[in-house]
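Chains as they are written, first to last, in UniProt numbering: chain A, 1 to 402; chain B, 1 to 300. Positions of the beta carbon are idealized from the N, C-alpha and C atoms, including for glycine. Structure first, commentary second.
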Amino acid sequence: MTIKAMLAGSAVILATPALAQEQVTLDLWTIDDPGEYHYVMAEEYMAANPNVTINVRTVQFEDMVNDLARSIATGDAPDITYIDNPEVALFASRGMLLDLTPYIEASEVVKVEDIYPGPLASVTYEGGIYGLPRGANTIALYYNADKFREAGLNPDDPPATWDELYETAKALTDPESNVYGLAFSAVGTEEGTFQFLPWLQMTGGDYNNINTEGAARALNLWKQFIDEGIASPDTLIRSQWDSTGTFNAGNAAMAISGPWEIPRMSEEAQFEWRVALLPVPEDGAERASALGEGDNVILANTDTPDEAFAFLEFLYGDMDRVWNDFGYLPASAVEVTDPKYPEAYAVFEESMKYARNRGPESDWPQVSGAIQTAIQSTLTGQATAEEALAEAQAEIDDVLGN
Amino acid sequence: MTSSRSSFRDGRGFDRLLVGLTLGFLLVFSAFPLVYNLIMSFQEVDLFTLGSFDRPWVGLENYADVTGHRVFGLIATNTAIFVAVSVAAQLVIGFALALFFQQSFPGATWLRGLFLAGWIMPGLVVGAVWSFILSGDFGVLNWGLMTLGITDGRVFWLSSPDTALYAVIIANVWLGVPFNMILLSVGLSAIPEDVYEAAELDGAGRVRRFLTITLPLMRAQIGAVLSLGIIFTLQQFDLFAALTQGGPANGSNVLQYWSWELSFTDYRIGQGSAVSVLMILLVVLVAVVYVRSTRHEHVA
Numbered sequence: 001m002t003i004k005a006m007l008a009g010s011a012v013i014l015a016t017p018a019l020a021q022e023q024v025t026l027d028l029w030t031i032d033d034p035g036e037y038h039y040v041m042a043e044e045y046m047a048a049n050p051n052v053t054i055n056v057r058t059v060q061f062e063d064m065v066n067d068l069a070r071s072i073a074t075g076d077a078p079d080i081t082y083i084d085n086p087e088v089a090l091f092a093s094r095g096m097l098l099d100l101t102p103y104i105e106a107s108e109v110v111k112v113e114d115i116y117p118g119p120l121a122s123v124t125y126e127g128g129i130y131g132l133p134r135g136a137n138t139i140a141l142y143y144n145a146d147k148f149r150e151a152g153l154n155p156d157d158p159p160a161t162w163d164e165l166y167e168t169a170k171a172l173t174d175p176e177s178n179v180y181g182l183a184f185s186a187v188g189t190e191e192g193t194f195q196f197l198p199w200l201q202m203t204g205g206d207y208n209n210i211n212t213e214g215a216a217r218a219l220n221l222w223k224q225f226i227d228e229g230i231a232s233p234d235t236l237i238r239s240q241w242d243s244t245g246t247f248n249a250g251n252a253a254m255a256i257s258g259p260w261e262i263p264r265m266s267e268e269a270q271f272e273w274r275v276a277l278l279p280v281p282e283d284g285a286e287r288a289s290a291l292g293e294g295d296n297v298i299l300a301n302t303d304t305p306d307e308a309f310a311f312l313e314f315l316y317g318d319m320d321r322v323w324n325d326f327g328y329l330p331a332s333a334v335e336v337t338d339p340k341y342p343e344a345y346a347v348f349e350e351s352m353k354y355a356r357n358r359g360p361e362s363d364w365p366q367v368s369g370a371i372q373t374a375i376q377s378t379l380t381g382q383a384t385a386e387e388a389l390a391e392a393q394a395e396i397d398d399v400l401g402n
Numbered sequence: 001m002t003s004s005r006s007s008f009r010d011g012r013g014f015d016r017l018l019v020g021l022t023l024g025f026l027l028v029f030s031a032f033p034l035v036y037n038l039i040m041s042f043q044e045v046d047l048f049t050l051g052s053f054d055r056p057w058v059g060l061e062n063y064a065d066v067t068g069h070r071v072f073g074l075i076a077t078n079t080a081i082f083v084a085v086s087v088a089a090q091l092v093i094g095f096a097l098a099l100f101f102q103q104s105f106p107g108a109t110w111l112r113g114l115f116l117a118g119w120i121m122p123g124l125v126v127g128a129v130w131s132f133i134l135s136g137d138f139g140v141l142n143w144g145l146m147t148l149g150i151t152d153g154r155v156f157w158l159s160s161p162d163t164a165l166y167a168v169i170i171a172n173v174w175l176g177v178p179f180n181m182i183l184l185s186v187g188l189s190a191i192p193e194d195v196y197e198a199a200e201l202d203g204a205g206r207v208r209r210f211l212t213i214t215l216p217l218m219r220a221q222i223g224a225v226l227s228l229g230i231i232f233t234l235q236q237f238d239l240f241a242a243l244t245q246g247g248p249a250n251g252s253n254v255l256q257y258w259s260w261e262l263s264f265t266d267y268r269i270g271q272g273s274a275v276s277v278l279m280i281l282l283v284v285l286v287a288v289v290y291v292r293s294t295r296h297e298h299v300a
């Protein structure tokens, strides 16, 4: 534990002297496994605050929404849980999360101005703040510098626009040696939406406005990647993790994914890998990037909101550790001293400035489903990009009640 | 003590107790979920109203929504193809294997037993193994097909809407064949050997013996295998989850997977329930046909 964290921990105790007396138990749900973020932080917090016991329970990422909703219905909900960004609105809109605004106003540690706009938007719903981001992630373009040199391309000048991305990927594609130019994920899950939204947002669209020329251009480019053998047809069924696995193995020359890939990549990749910002539609166009990771939230029916918030404050206070210790980006303006993989960190940190929230929308799963269908039916040739987007827009309008 | 116990067992009260226990069990564990599901299919239900009965009643709207959904036709067709092809292939291959192992050769019995290993494995494990085999870029199947010169390029089994459903069918047939084989083997060994001997003496060839003795005497078993096969196939969920998640673009989606998707990824639980009610009707129909087709045999 850093000195700063200890100070933050003791500041919490000093600020709430009454709480230090009685024993308190907090139930915490997480998607982490033992040894990861929530387990480590809970241990540290308990060591600094002997009167608090935190029961950490692992819930699978895919099951979190279902299990949480069921636990709320049956009265077994935890005090604190992790939820994925777009799900905050789902629960907040139904009054199931504690509005943290008054706690944050009174807090010495949490300052709303410090939180980056994307992460802040992800915890904000109709004026209330319903969680604190535990960190953030975003996506960028990984590339194999060795393959750039072999193909006579300059690795110091990675593709910056969509046209350059296409040309570069095409030049790097080498079916004889089983090398695709680009790996990304268009899988029919939330990950597909996560990868596609920035492309849409760079052209001025967003989740509620997808029937645009820019969106059609992006989808047609994706389709071109697959039809011309620049990206594997299995892009349609591969998660980001699996897609990037093919990049690490040297079967793709570039890959679009996030910082969570770095630990594995630095072990597996037998080549010089680098990272660049996501290419934009044309020079000077607006940048956008995806916003991932999730938030620590407090359930509205907790018996111990003050103690729960004190723990959230402690987590937030250690934001400068998340990159080096846990592999995600800080969600607020903190200085990371001596970051691991400094070049990659610089790119992702820059990219975070353009990271945009998915939503907020209380019926996000349906909106996301419509976008996934549009992507998949275009890429499989079942519909043209324009038809698929029009259909998705109709479904989204229906969900949003427009 | 013995007498009191036997009189207790003989008495009417004991009969009632037995019937009551059975009925109670069925009511709690079968009827209640069925009825609850039926009720939900007439209501607007989301994740957050799961715990109470007090939900907006929407009549047949859920049914209209799902049957009118633009993917309903595709998914219903996929389901029909999935069931028909899976069950037919399982029956033919299972029957062929059963006949094969009916021949006496060293190790026939325990080799037949080994076939069950596939059936014992959980669907998710089978799905994971098949997803390696069927993988487009690195799959063993593509490597085999290309080495043998059967195909020129790679077939993207799981990511093309034309093949994804058949990829799941291949895995499902593999999974279902052992069960078919064992049930049919039992039927085959029940046919008395002397019937065949008599027919052989009368000059009936192998094909003739199969068509006039084996098939008619196996009628009940084939009926059972067919209807159980249809029911198992309609329940098949794990393979879809492990292999294609119903994709790409619903190319391999079937009613049972769609029902789950509607309920647990879209949180339209009323619509998901409506789909499962439609499936229950289908299964009941199959069961009725099966019971009817076997009833007159018991009488005769």
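> Where does B:GLY127 land, buried or exposed, given buried means 16+ other C-beta within 10 angstroms?
Replying inline: By the neighbour-count criterion, in which a residue is buried when 16 or more other Cβ atoms sit within 10 angstroms of its Cβ, B:GLY127 is buried.
>> Within 7 Å of any Cβ in chain B, is that where the Cβ of A:PRO175 sits?
In response: With 7 Å as the cut-off, A:PRO175 does not count as an interface residue toward chain B.
> So which residues on chain B does A:LEU236 lean against when the C-beta distance must stay under 8 Å?
Replying inline: Ordered by position in chain B, the residues that pass the 8 Å Cβ test against A:LEU236 are SER159, GLY247 and PRO248.
> In chain order, which continuous runs of the beta strand (DSSP E) of length 3 or greater are located wholly inside the stretch 70-113 of chain A?
Replying inline: The stretch 70-113 of chain A contains these whole beta strand (DSSP E) runs: 80-84.
> Does DSSP put B:TRP157 in a helix, in a strand, or in coil?
Replying inline: In the structure shown, B:TRP157 sits in coil (DSSP, three-state: anything other than H, G, I, E or B).
> Considering A:VAL52, what are the terminal residues of the beta strand (DSSP E) in which it resides?
Replying inline: Looking at the DSSP string, the run of the beta strand (DSSP E) that includes A:VAL52 is 52-58.
> In whole angstroms, what separates the C-alpha of A:ALA383 from that of A:THR235?
Replying inline: For A:ALA383 and A:THR235, the gap between their C-alpha atoms comes out near 18 Å.
> In three-state terms, what does DSSP make of A:GLY292?
Replying inline: A:GLY292 sits in a strand when the DSSP states are folded into three classes.
>> Quick check: the Cα distance between B:GLU261 and B:GLY272, rounded to an integer number of angstroms?
In response: The C-alpha of B:GLU261 lies about 7 Å from the C-alpha of B:GLY272.
>> For chain A, check one thing: does any of its Cβ atoms lie closer than 7 Å to the Cβ of residue 310 of chain B?
In response: One cannot answer for residue 310 of chain B here, as it falls past the ends of chain B, which runs 1 to 300.
>> Give the list of continuous alpha helix (DSSP H) stretches no shorter than 4 residues that lie fully inside the stretch 165-209 of chain A.
In response: As far as the stretch 165-209 of chain A is concerned, its whole alpha helix (DSSP H) runs of at least 4 residues are 190-202.
> chain B beta carbons: is any one of them nearer than 7 Å to that of A:GLY188?
Replying inline: Interface residue, yes.
> What residues in its chain sit with their C-beta under 8 Å from that of B:TYR290, if we drop five residues either side in the sequence?
Replying inline: The answer, listed in chain order, is GLY223, ALA224, LEU226 and SER227.
> If we count the other Cβ atoms within 10 Å of its Cβ and call it buried at 16 or more, is A:GLU191 buried or exposed?
Replying inline: Classification of A:GLU191: buried, given that the 10 Å Cβ count is 16 or more.
> Assuming A:THR246 and A:ALA252 make a contact with CB atoms under 8 Å, what is their CB distance in whole Å?
Replying inline: So it is a contact: roughly 5 Å between Cβ atoms.
> Where does the unbroken alpha helix (DSSP H) through B:ILE120 begin, and where does it stop?
Replying inline: In the DSSP assignment, B:ILE120 falls within the unbroken alpha helix (DSSP H) covering 108-120.
>> I'd like to confirm the pairing. Which residues does DSSP put opposite A:ASN137 in its beta bridges?
In response: According to the DSSP secondary-structure assignment, A:ASN137 is paired through a beta bridge with A:GLY292.
> For A:ILE256, which three-state DSSP category applies?
Replying inline: Per DSSP, reduced to three states, the secondary structure at A:ILE256 is strand.
> Mind pulling the chain B residues with CB within less than 8 Å of A:ASN66?
Replying inline: The contacting residues are LEU47 and PHE264.
> What in chain A is Cβ-close to B:PHE156, meaning under 7 Å?
Replying inline: Within 7 Å Cβ-Cβ: PRO233 and ASP234.
> How would you list, in chain order, the residues of chain A whose beta-carbon sits under 8 Å from the beta-carbon of B:LEU50?
Replying inline: Within chain A, the residues near B:LEU50 are ALA69, ARG70 and ALA73.
>> Are the CB atoms of A:SER257 and A:ALA355 within a distance shorter than 7 Å?
In response: It is not a contact, given that the beta carbons lie outside the stated cut-off.
> For A:VAL275, which three-state DSSP category applies?
Replying inline: If DSSP states are grouped into helix, strand and coil, A:VAL275 belongs with the strands.
> Is A:ILE230 helix, strand or coil by DSSP?
Replying inline: In the three-state reduction of the DSSP assignment, A:ILE230 falls in the coil class, being assigned neither a helical nor a strand state.
>> For chain B, check one thing: does any of its Cβ atoms lie closer than 7 Å to the Cβ of A:GLY214?
In response: No - not a single Cβ of chain B is within 7 Å of the one on A:GLY214.
>> Taking only three categories from DSSP, how would you classify B:SER252?
In response: In the structure shown, B:SER252 sits in coil (DSSP, three-state: anything other than H, G, I, E or B).
>> Within a Cβ cutoff of 6 Å, which residues of the same chain sit near A:ALA47, ignoring the five residues on either side of it in sequence?
In response: In its own chain, leaving out the 5 sequence neighbours on each side, no residue places its CB closer than 6 Å to the CB of A:ALA47.
>> Can you check whether the C-beta of residue 301 of chain B is within less than 7 Å of a C-beta belonging to chain A?
In response: Since the first residue of chain B shown is 1 and the last is 300, residue 301 of chain B is not available in this structure.
> Can you name the residues that DSSP bridges to A:ARG356?
Replying inline: BP columns for A:ARG356 point to A:ALA290.
> Along chain A, which residues have their Cβ under 7 Å away from the Cβ of B:TYR267?
Replying inline: Per Cβ cutoff of 7 Å: PRO365.
> In chain A, which residues lie less than 8 Å from B:THR244 when you measure between Cβ atoms?
Replying inline: Under the 8 Å cutoff, chain A gives ILE237.
> Just to confirm, are A:TRP29 and A:ARG70 a CB contact at a threshold of 7 Å?
Replying inline: It is not a contact, given that the beta carbons lie outside the stated cut-off.
> Just by C-beta distance, which residues in the stretch 81-101 of chain A are closer than 7 Å to chain B?
Replying inline: For the stretch 81-101 of chain A, the residues whose beta carbon sits under 7 Å from a beta carbon of chain B are, in order, ARG94.
> Counting contacts by CB-CB distance shorter than 7 Å, is B:MET1 in contact with chain A?
Replying inline: Because B:MET1 sits at a pLDDT of 47, beneath the cut-off of 50, its placement in the model cannot be relied upon, and the following sentence gives the value as read from the coordinates. The Cβ of B:MET1 sits no closer than 7 Å to any Cβ of chain A.
>> Could you check whether B:ALA164 and B:THR77 sit closer than 7 Å to each other, using their CB atoms as the reference points?
In response: The answer is no: Cβ separation not under 7 Å.
> So, using beta-carbon positions, are A:MET352 and A:SER332 closer together than 7 Å?
Replying inline: No. Outside cutoff.
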